[in-house]
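4 protein chains.
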Amino acid sequence: MIQVGIIGATGYAGGELVRLLYGHKEAEIKWYGSRSYVDQKYASVYQNMFQIVEDVCRDDNLKQLAKEVDVIFTATPQGFLAGVLDEEILSNTKVIDLSADFRIKDVATYEKWYGIEHKSPQFIPEAVYGLCERNREAIKQARLVANPGCYPTCSITSIFPLAAEGLIDMNTLIIDAKSGTSGAGRSAKVANLYCEVNENIKAYGVASHRHTPEIEEQLSYAAGCPVVLNFTPHLVPMNRGILVTAYASLKEVKKPDGSLGLPDAAMIRAAYDKYYQDEKFVRVLPEGVCPETKWVEGSNFVDVNVKVDPRTKRVIMMGAMDNLVKGAAGQAVQNMNLMFGLEESEGLDLVPMFP
Amino acid sequence: MIQVGIIGATGYAGGELVRLLYGHKEAEIKWYGSRSYVDQKYASVYQNMFQIVEDVCRDDNLKQLAKEVDVIFTATPQGFLAGVLDEEILSNTKVIDLSADFRIKDVATYEKWYGIEHKSPQFIPEAVYGLCERNREAIKQARLVANPGCYPTCSITSIFPLAAEGLIDMNTLIIDAKSGTSGAGRSAKVANLYCEVNENIKAYGVASHRHTPEIEEQLSYAAGCPVVLNFTPHLVPMNRGILVTAYASLKEVKKPDGSLGLPDAAMIRAAYDKYYQDEKFVRVLPEGVCPETKWVEGSNFVDVNVKVDPRTKRVIMMGAMDNLVKGAAGQAVQNMNLMFGLEESEGLDLVPMFP
Amino acid sequence: MIQVGIIGATGYAGGELVRLLYGHKEAEIKWYGSRSYVDQKYASVYQNMFQIVEDVCRDDNLKQLAKEVDVIFTATPQGFLAGVLDEEILSNTKVIDLSADFRIKDVATYEKWYGIEHKSPQFIPEAVYGLCERNREAIKQARLVANPGCYPTCSITSIFPLAAEGLIDMNTLIIDAKSGTSGAGRSAKVANLYCEVNENIKAYGVASHRHTPEIEEQLSYAAGCPVVLNFTPHLVPMNRGILVTAYASLKEVKKPDGSLGLPDAAMIRAAYDKYYQDEKFVRVLPEGVCPETKWVEGSNFVDVNVKVDPRTKRVIMMGAMDNLVKGAAGQAVQNMNLMFGLEESEGLDLVPMFP
Amino acid sequence: MIQVGIIGATGYAGGELVRLLYGHKEAEIKWYGSRSYVDQKYASVYQNMFQIVEDVCRDDNLKQLAKEVDVIFTATPQGFLAGVLDEEILSNTKVIDLSADFRIKDVATYEKWYGIEHKSPQFIPEAVYGLCERNREAIKQARLVANPGCYPTCSITSIFPLAAEGLIDMNTLIIDAKSGTSGAGRSAKVANLYCEVNENIKAYGVASHRHTPEIEEQLSYAAGCPVVLNFTPHLVPMNRGILVTAYASLKEVKKPDGSLGLPDAAMIRAAYDKYYQDEKFVRVLPEGVCPETKWVEGSNFVDVNVKVDPRTKRVIMMGAMDNLVKGAAGQAVQNMNLMFGLEESEGLDLVPMFP
């Protein structure tokens with residue numbers, strides 16, 4: 001039985017970790033870390049866990065915790081983990097970090113977009129970017145996994161096949177993303193009040209959202225060249241779900257018959273099948289069916305689909321995902337499974353809930 | 001492995017049956033009955049089941065189906081099952097009926113409230129009312145289970161202990177209930193359009209809702225006398241969830257010290273503990289914590305609590321439940337488990353999803 | 001032109017006052033009081049007022065303000081107005097208080113339910129309870145109007161005719177109310193976050209909500225005897241709207257033909273017509289049509305209806321209203337119109353917005 | 001007093017026309033046309049109009065109606081008006097068509113995208129595209145105004161200044177739009193049920209939505225060259241509102257100092273000010289403030305803003321609008337005001353409702 005500690009167990013991502021790990025056959029939570037609710041029963045904070053979780057919340061103490069558990073999930077604000085991580089911790093336990101601290105390889109880029117100094121740059125090189133479908137083998141060997149951001153998970157999954165196969169002009173890439181409100185976290189802010197979000201939609205972080213460099217870095221690896229793109233997130237009046245609509249111009253390629261030309265729908269579709277036909281958690285939808293966030297709610301799926309527009313010679317890439325599952329806690333558990341040699345889908349065999 | 005047939009698999013309750021049975025270790029669905037979607041892939045109707053369910057929808061044929069499966073769930077309009085049920089079917093298979101056809105023992109009462117003739121009154125006597133916490137032993141022996149209505153499940157569960165213990169005046173009982181919109185079903189009606197329900201709340205079926213006699217009958221058994229009550233349902237802008245707020249005057253009783261008087265909070269609470277302390281799916285919340293539908297969403301729990309008002313000498317009984325789970329498909333699976341001698345909670349170990 | 005000052009202009013009720021007064025032909029706002037946003041442009045707090053309101057928010061200073069304006073609206077926390085009011089202020093200006101400070105005639109009752117000491121009990125006697133349809137003449141003469149609470153406005157309006165006509169047993173009165181979330185105000189609390197309220201319904205303040213004594217007092221006047229009742233509010237996932245569902249047993253009365261008996265539907269309806277047929281803002285709906293909050297959204301209407309249940313000998317009284325308009329800012333403007341001798345509906349000729 | 005007839009008065013756009021015209025000082029509705037509700041009281045279909053509108057719904061009869069009223073609004077399905085319009089009608093009355101029949105100048109384009117034959121192509125040349133801010137003078141002279149589509153109104157308004165000033169490369173234009181559900185109309189379809197839309201977001205009509213050629217045509221006029229673009233609408237769980245997020249690459253231009261280069265933020269902003277500083281209904285928001293649909297709800301405003309991204313050399317154009325007001329009924333009334341020589345904002349002085 002894997003012993004698990006969670007730092008930040010009372011945020012929405014932390015709460016989702018608790019929900020998912022309850023159904024996990026090989027793991028049990030030993031530590032519910034929460035600065036805000038120390039010594040309170042966890043189930044008094046998340047009443048859904050009443051009579052399911054009996055533990056109380058405890059202060060975070062990563063050093064001590066590392067000696068007691070096999071893996072620590074940090075669902076904490078940016079900078080927290082980088083501020084306390086050391087070799088001793090990593091020699092005692094594995095760490096899956098749901099914050100952004102170790103997602104970006106270039107320290108300067110991290111510091112510019114996040115506006116804070118990185119306190120543990122020495123661990124960046126060994127940190128593995130935990131997008132399971134991409135880095136499966138490296139994750140299995142990792143001590144420190146940087147669990148991807150919610151927007152990046154959905155964006156990269158939706159775009160990767162065409163980037164990797166060279167079918168789109170990466171200079172034309174635009175990502176328009178929409179997220180439910182749980183992505184904004186559980187802290188009390190006027191902007192996140194019910195009456196402010198309900199019956200409303202807006203863009204935010206336009207041309208400045210922190211997930212931009214993370215997406216760019218990963219797609220650069222896919223495309224084999226630097227990628228600079230537009231990423232615009234929007235806040236949608238719903239609890240869960242991220243929808244990505246991405247646009248790019250098709251690139252002239254050598255077609256199967258040897259001629260040069262724009263890839264057709266079949267080639268585009270083949271690219272998605274190539275990367276995802278054996279992936280349990282990425283579902284390439286039937287032609288003409290657009291991803292909807294409701295169809296994946298509560299599950300670890302990313303639903304993707306693609307549409308070629310011959311009028312504009314562009315392709316529209318779409319992806320839908322539950323931001324708290326595949327976009328946070330679910331992928332974190334998937335990473336844990338890989339790191340401990342378990343069945344990758346253990347605890348994640350979740351059927352989306354509808355309606 | 002129990003072979004299962006579902007008639008009405010593409011309604012919301014049918015869809016929830018499919019979701020729950022997918023996670024059930026001892027049952028598998030052999031028949032997805034749906035008149036509206038015959039020969040279409042089930043996953044094209046409920047896209048959440050894409051790559052999970054590969055079957056197509058089939059026309060309903062209860063007689064044939066009864067020979068092929070061990071149990072049939074009928075999630076069908078009122079009158080359907082009563083119109084086709086016969087001894088041959090019941091000798092071939094077990095039937096769990098999610099409609100109201102066999103919930104009410106008095107045929108005249110059924111016909112008055114539902115406005116249709118009952119075509120199979122001969123099976124009413126043997127039908128067992130499938131409120132598992134109340135009729136567990138009878139359900140185990142049943143061929144035909146009448147799965148309770150959503151409002152009745154939540155209402156009866158919330159009120160039963162005080163009715164059974166004689167602590168409230170049954171003539172004063174008022175039930176004010178609130179339901180999410182999935183209870184209205186998946187048929188296309190203007191009144192159920194998004195824009196009509198959203199940002200809106202209303203009462204409906206005032207003093208005339210069909211679940212009234214069902215609640216009255218069951219509470220009559222509990223109280224040992226006829227019960228006539230007010231039941232007012234309301235439509236709430238949310239997908240899932242039923243909240244019951246019930247009111248009754250306290251009845252003078254002999255107190256533990258022998259004196260006559262109104263029951264105090266401790267006696268009231270003791271009544272709930274007596275009936276529910278060993279029940280997995282009924283959670284008596286800590287004092288002062290009001291049930292909320294969100295805390296049980298997606299699960300088979302009913303959360304209940306109670307508050308004594310010394311000013312008015314009344315007690316307020318509250319219950320929250322997911323109408324599609326404990327109020328429909330979950331309880332149906334719980335009934336199946338009982339009928340087949342399985343662990344009662346098999347397939348129902350569902351953690352509520354929050355947020 | 002009436003000069004208006006608002007203290008608490010950046011809460012939701014304050015914001016609604018600004019919206020309504022913009023459309024008022026005889027009033028103009030001179031002072032946007034807001035402690036939280038001093039010196040910020042009002043339209044930067046409420047972006048809907050961009051290019052409509054150019055003023056900045058100012059600190060509250062009731063004494064100074066009283067000299068500059070003809071009327072002050074205080075949309076402030078409980079205790080604020082009572083803490084600063086004095087004779088000088090009231091001799092300089094009229095005050096319409098949207099808080100509870102002067103709604104309850106009995107100081108002890110106020111202090112018990114609100115848990116604070118009343119600092120200006122000397123002004124309670126002269127304060128007029130501003131339920132316009134009830135106290136029209138007194139309001140016209142008032143210097144100080146206590147604008148009713150949102151729940152009380154809807155509850156009293158729905159119940160008054162039967163209480164005043166002696167058609168119901170006041171000892172049996174139960175009020176089950178449901179409110180949108182704007183009633184909880186604009187302060188940043190976890191409980192009011194989008195993800196906590198959305199897809200959720202709960203009761204709160206059970207047997208202890210502060211609006212209870214206010215309703216009881218007003219209905220006591222109507223019935224001519226002390227009234228003790230149950231009032232249970234619920235939080236509904238919508239921005240605006242209050243729905244009241246109230247229950248009471250019918251009282252035996254002398255019928256038109258001289259016999260004794262329970263009032264029938266016609267007598268009940270006649271009571272509503274008697275009090276409301278000339279009231280512009282109270283709409284008695286056609287028989288069988290239940291009030292819905294969406295049908296009054298944005299308007300000053302209260303829609304009411306009533307249903308007699310011969311089975312239980314009870315009557316169900318229903319009312320729907322926009323909590324920010326008739327439940328707060330709209331009624332406050334209606335009071336202002338009365339106090340200044342204007343057309344009562346000036347600025348309030350608002351058509352409900354649907355959908 | 002202008003006599004008004006509405007064909008299609010019981011759809012959502014028709015209902016909004018009724019709401020707005022009630023507040024119009026110079027117009028009164030004489031005819032509430034509705035095939036579905038003939039002879040029923042209008043207020044029984046839209047209960048918000050109870051005691052406000054006393055008329056009944058009448059069958060549509062354009063020929064007869066044209067003789068009785070000064071202007072007809074047709075809020076009807078595509079093809080209806082083109083199927084019945086003739087010279088006699090237009091000689092008797094003015095027509096403001098809220099359908100797409102006369103929006104597109106090229107018949108073949110209309111027939112291809114809408115999939116129906118155009119029955120009155122002879123009236124297309126004289127029809128004026130009723131985007132008031134663009135075609136004010138022509139509208140004043142028109143007998144037949146094609147009221148713009150909701151998406152086109154918001155898209156064109158957001159993009160026009162940069163297209164007209166030649167500051168963006170029109171070949172790179174991508175419009176990602178999000179709409180509330182009232183845009184889908186009031187017909188009973190499963191896809192528009194509350195439970196299907198709530199907690200969900202999806203794209204639809206990808207690379208095939210009918211508003212595409214309308215946007216392209218109007219922006220072609222602005223840019224002075226043919227425009228082919230991507231337009232992707234999304235369905236958002238809210239009643240009202242459209243948000244447009246549009247992307248284009250900046251075009252090298254001669255700068256104020258004579259040099260060649262990309263336009264900077266000041267030049268971009270100046271373009272918006274040039275076209276909108278005197279427009280009452282288009283609000284260019286302060287720098288850094290993103291448009292939100294809630295801030296314009298119920299009003300005739302379009303809020304726009306723009307952000308230059310120096311990293312990608314693109315500009316992000318944003319617009320928010322109420323789809324039923326400026327996107328349908330509000331603009332239709334604005335057109336009527338222009339056609340009859342009234343104050344352009346008569347009846348449209350609507351303050352957005354928040355929350």
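Protein chains in written order, with full-length UniProt numbering: chain V, 1 to 355; chain X, 1 to 355; chain G, 1 to 355; chain R, 1 to 355.
All C-beta atoms, glycine included, are put in the ideal place defined by N, C-alpha and C.
Of V/Ile-29, V/Pro-355, V/Leu-338 and V/Met-238, the smallest CA-CA separation from X/Gly-298 is found for V/Pro-355.
X/Pro-233: member of the beta strand (DSSP E) spanning 230-235, first to last residue.
Taken in chain order, the whole beta strand (DSSP E) runs of length 3 or more contained in the stretch 233-298 of chain G are 242-249 and 282-284. Taking 8 Å as the CB threshold, G/Asn-323 stays off the interface with chain V. Contacts between G/Lys-294 and chain V, judged by CB atoms closer than 9 Å, are missing: the closest CB pair is about 12 Å apart.
Where R/Ala-332 is concerned, there is no enclosing beta strand (DSSP E), although the alpha helix (DSSP H) around it starts and stops at 330-339. The closest CA to that of R/Met-336, considering only R/Glu-54, R/Arg-311, R/Val-69 and R/Phe-50, is found on R/Val-69. Of the residues G/Pro-121, G/Asn-92, G/Leu-262 and G/Arg-240, the one whose Cα lies closest to the Cα of V/Glu-196 is G/Arg-240.
A straight-line Cα-Cα distance of about 15 Å links X/Asp-97 and X/Lys-63. Under the three-state reduction of DSSP, V/Phe-80 is assigned to helix.
Taking the C-beta atoms as reference points, X/Ala-9 is found nearer than 8 Å to X/Gly-33. Beta-carbon to beta-carbon, G/Lys-30 and G/Gln-3 are separated by about 5 Å, close enough to satisfy the 8 Å threshold. Remark: C-beta atoms of G/Ile-175 and G/Leu-229 approach each other more closely than 8 Å.
Cβ proximity to chain V below 8 Å picks out Asn-192, Leu-193, Tyr-194, Cys-195, Glu-196, Val-197, Asn-198 and Glu-199 from the stretch 192-219 of chain G. Relative to R/Val-308, the option among R/Lys-254, R/Phe-73, R/Ala-265 and R/Val-128 whose CA is nearest is R/Ala-265. Contact of V/Val-236 with chain R by beta-carbon distance below 7 Å involves Ile-201 and Val-236. Sequence-distant partners of V/Met-49 (beyond 5 residues in either direction) whose C-beta falls short of 7 Å from its own C-beta, in its chain, are Val-18, Tyr-42 and Ala-43. Here the C-alpha atom of R/Phe-301 lies approximately 53 Å from the C-alpha atom of X/Ile-116. One Cα belongs to X/Val-206, the other to G/Ala-329, and the distance between them is close to 31 Å. Less than 8 Å divides the Cβ of G/Phe-160 from the Cβ of G/Ala-222. Excluding five sequence positions before and after G/Tyr-110, the CB atoms of its chain that fall closer than 6 Å to its own CB belong to Ile-104 and His-118, given in chain order. If you keep only unbroken beta strand (DSSP E) runs of at least 3 residues inside the UniProt domain "Semialdehyde dehydrogenase NAD-binding" (3-142) of chain R, you get 27-33, 71-74 and 94-97.
Bounds of any beta strand (DSSP E) do not take in G/Ala-163; it lies within the alpha helix (DSSP H) bounded by 150-164. Here V/Gln-40 really is in contact with V/Cys-57; their C-beta atoms are around 5 Å apart, less than 8 Å. X/Gly-180 sits in coil when the DSSP states are folded into three classes, being neither helix nor strand.
With respect to the 8 Å criterion, G/Val-284 and G/Asn-305 are classified as neighbours on the basis of their beta carbons. In the structure shown, the three-state DSSP call for G/Leu-342 is coil. Flagged as an interface residue toward chain X: G/Arg-311, by a C-beta distance shorter than 8 Å. Neighbours of R/Asn-239 in chain X, taken as residues whose beta carbon is under 7 Å from its own, are Cys-195, Asn-198 and Glu-199 in chain order.
Between V/Val-45 and V/Tyr-37, the alpha-carbon positions lie close to 8 Å from each other. Contact between the stretch 232-246 of chain V and the stretch 311-320 of chain V is established, with three or more Cβ pairs separated by less than 8 Å.
For V/Val-227, there is no enclosing alpha helix (DSSP H), since its DSSP letter is neither H nor E. Residues of the stretch 36-55 of chain G with a C-beta atom less than 7 Å from some C-beta of chain R are Tyr-46, Gln-47, Asn-48, Phe-50, Gln-51 and Ile-52, listed in chain order.
Residues of chain V whose Cβ lies closer than 9 Å to the Cβ of R/Pro-355 are, in chain order, Leu-193, Tyr-194, Cys-195, Glu-196, Asn-198, Glu-199 and Asn-200.
Less than 8 Å separates the beta-carbon of R/Glu-279 from that of R/Glu-133. Here V/Gly-11 has Ala-75, Gly-185 and Arg-186 as same chain residues with Cβ atoms under 7 Å from its own Cβ, once five neighbours each way along the sequence are excluded.
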